[in-house]
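Okay, structure coming up:
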């Protein structure tokens, strides 16, 4: 999971470099939702 998170953050940095107008807040919310879902307990 740590590798996946690190890769996602690196990818976001590349997206920002390629498109400074990128909606970073929206991208951050998407990443948080994805990783919360992936790490949430299945109880």
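In our numbering, the protein residues as written are 504 to 546.
Just so you know, even glycine gets a beta-carbon here, dropped at the ideal spot from N, CA and C.
Kindly indicate the opening and closing residues of the alpha helix (DSSP H) around residue i.
i: residue 530; result: 527 to 542
i: residue 522; result: Element bounds for residue 522: n/a, residue is neither H nor E.
CB of residue i to nearest heavy atom of the ligand ADP: below 7 Å?
i: residue 537; result: For the structure depicted, the ligand ADP is absent and the ligand set is empty, with no information on it obtainable.
Less than 8 Å between the CB atoms is what I'm expecting for residue i and residue j, so what's the real figure, rounded?
i: residue 508; j: residue 518; result: So it is not a contact: roughly 16 Å between Cβ atoms.
If you check the beta carbons only, do residue i and residue j fall under 8 Å apart?
i: residue 515; j: residue 530; result: yes
Tell me the rounded alpha-carbon separation between residue i and residue j.
i: residue 527; j: residue 536; result: 14 Å
i: residue 549; j: residue 520; result: The requested residue 549 does not occur in the structure, where the chain is confined to residues 504 to 546.
i: residue 538; j: residue 506; result: 12 Å
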